[in-house]
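**Student:** In this note's numbering, the protein residues as written are 1495 to 1926. By construction, the Cβ of each residue, glycine as well, lies at the ideal position given by its N, Cα and C atoms. For reference, the structure I am asking about is given below.
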């Protein structure tokens, strides 16, 4: 594991004396459309006159939306980055914040300004289209970007993404479920790019684990999904089968038939579902509106395991009885609790979930900067196979620029989340 772990260790030791944090405020999932190819051509490389950075100093740009619709989210990212600046970095480390306004044009202007000021690495932007715009200026002059997007299509060739990728989360929880004996999976997903990406990832993860996806259905967020869930559950046919089974045993007088009829009278449907686990890749109000429909149409969470993604990492999730006992893969929440406590103490508010990405990215830049005399932001350094350790656990960048993370499996409980399978502490393969 690279030395970022030591730097983070100092910060975490500092955090040990802080008060117990409140739960982080949930944030609306930022779902992104893949950046169109044409968009990359809208910001062609242009000559940039760059300021000279004197030896012993390192200049790191932070590109986030500080105005516009996502200004509040950007403010949390900036504050988290400044926490890393004071807790982890050395005296020659300079953070250069720039406002993207949450738009590609704003990101391009922010990147140009930061590069002219001598930025040696760019942290951010948040959105895929903004990453593409900034990359059009940074890539030709060899300045790497460590962005927060989850759109893997914008990664690569000097662009690295810290964002939590749904494919990794799906692979982790499906692998765990398979070990528990589940081999038939289904998906009930929102008809969004994120929902489609998760169902594709579920197909891949099932195949990798010698399992099957038997059913897939989509609903439109914000619209009534009652009929869609009813059909997904094969509710009407299972009700009809129940009625037939009742009729079959109703006229019999033997004790076994009487007992069978009594059991049937307490049932809503008859027959097993063709899946043992169902993936629900949604979050927030949409998830809380859809999830209760499953047990209503007799997809019993005591029989079928509900699975989710990182969108379930929400303090409200245990308020929905249908989701209690559900599993999803995410970083161990205990790793960020001390950070959340420090953030709230410093700024008087709870950080958005994505704030840890800004902290970890700046801390990563600090470790690679060293004492500033010979900062190393090369592809070899960024792609170190041993990886790094941050607030969200271990991570490393794949050759395609996306982040591979060591994730835990969490179970939803009424009073919070419980880790049922710990995150790995290293990328070294396990020795049996």
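If you count every other CB in all the chains shown that lies within 10 Å of the CB of residue 1707, and 16 or more means buried, which is it?
**Tutor:** buried
**Student:** Looking at the secondary structure, which residues open and close the beta strand (DSSP E) in which residue 1656 lies?
**Tutor:** Neither: residue 1656 is in no beta strand (DSSP E) and is coded neither H nor E.
**Student:** Give me, in chain order, the residues of the same chain whose beta-carbon lies closer than 7 Å to that of residue 1854; leave out the 5 immediate sequence neighbours on both sides.
**Tutor:** 1656, 1884, 1885 and 1886
**Student:** Ignore the nearest five residues each way along the sequence and tell me which others in residue 1538's own chain have a CB closer than 8 Å to its CB.
**Tutor:** Only weak support exists for where residue 1538 lies, its pLDDT of 48 falling under 50; the value from the coordinates is given anyway. For residue 1538, where only same-chain residues beyond five positions count, the Cβ hits under 8 Å are 1630.
**Student:** On the three-pair Cβ rule with 8 Å, is the stretch 1843 to 1859 touching the stretch 1682 to 1696?
**Tutor:** With a cut-off of 8 Å, the stretch 1682 to 1696 and the stretch 1843 to 1859 do not count as touching, because too few Cβ pairs lie within range.
**Student:** Thinking just about the alpha-carbon of each residue, which of 1783, 1669, 1898 and 1920 is nearest to the one in residue 1713?
**Tutor:** 1783
**Student:** Leaving out the 5 sequence neighbours to the left and right, which residues in its chain are closer than 8 Å to residue 1865 when beta-carbon positions are compared?
**Tutor:** 1550, 1584 and 1586
**Student:** Round the Cβ separation of residue 1615 and residue 1554 to the nearest angstrom and send it over; I've been treating them as touching at under 8 Å.
**Tutor:** 5 Å
**Student:** Check for me: the beta strand (DSSP E) holding residue 1933 runs from which residue to which?
**Tutor:** Outside the shown range of the chain (1495 to 1926) lies residue 1933, about which nothing can therefore be said.
**Student:** Report yes if the C-beta distance between residue 1701 and residue 1677 is below 7 Å; otherwise report no.
**Tutor:** no
**Student:** Using CA coordinates, which residue listed in 1786, 1790, 1726 and 1608 is at the minimum distance from residue 1552?
**Tutor:** 1608
**Student:** With distances taken Cα to Cα, identify the nearest neighbour of residue 1873 among 1856, 1892 and 1857.
**Tutor:** Comparing alpha carbon positions, the residue from 1856, 1892 and 1857 closest to residue 1873 is 1892.
**Student:** Could you give the distance in angstroms between the alpha-carbon of residue 1570 and the alpha-carbon of residue 1859?
**Tutor:** 19 Å
**Student:** Where do the ends of the alpha helix (DSSP H) carrying residue 1802 lie?
**Tutor:** Judged by DSSP secondary structure, residue 1802 falls outside any alpha helix (DSSP H) and instead within the beta strand (DSSP E) spanning 1799 to 1802.
**Student:** On the three-state DSSP scale, how would you describe residue 1862?
**Tutor:** helix
**Student:** Could you tell me the distance, in whole angstroms, from the CA atom of residue 1840 to the CA atom of residue 1580?
**Tutor:** 12 Å
**Student:** For residue 1728, count neighbouring Cβ atoms within 10 angstroms of its own Cβ and tell me buried if that reaches 16, exposed if not.
**Tutor:** Burial call: buried.
**Student:** Starting from residue 1836, trace the alpha helix (DSSP H) in both directions and tell me its first and last residue.
**Tutor:** 1828 to 1841
**Student:** From residue 1904 to residue 1660, what does the alpha carbon distance come to, in whole angstroms?
**Tutor:** 15 Å
**Student:** Check residue 1704 in the structure and name its three-state DSSP category.
**Tutor:** coil
**Student:** Quick one: is residue 1687 buried, meaning 16 or more other Cβ sit within 10 Å of its Cβ, or exposed?
**Tutor:** exposed
**Student:** When DSSP labels each residue in this structure, what does residue 1614 get in the three-state scheme?
**Tutor:** coil
**Student:** So if DSSP puts residue 1590 in a beta bridge, which residue, or which two residues, is it bridged to?
**Tutor:** 1555
**Student:** Whole-angstrom Cβ separation of residue 1769 and residue 1671, contact assumed at under 8 Å?
**Tutor:** Wrong, their Cβ atoms sit about 11 Å apart, outside the cutoff.
**Student:** How is the alpha helix (DSSP H) around residue 1927 delimited, first residue to last?
**Tutor:** Residue 1927 lies beyond the range of the chain shown here (1495 to 1926); nothing can be said about it.
**Student:** Per DSSP, which residues does residue 1915 bridge with? Please list them.
**Tutor:** 1903
**Student:** Which of helix, strand or coil does DSSP assign to residue 1684?
**Tutor:** strand
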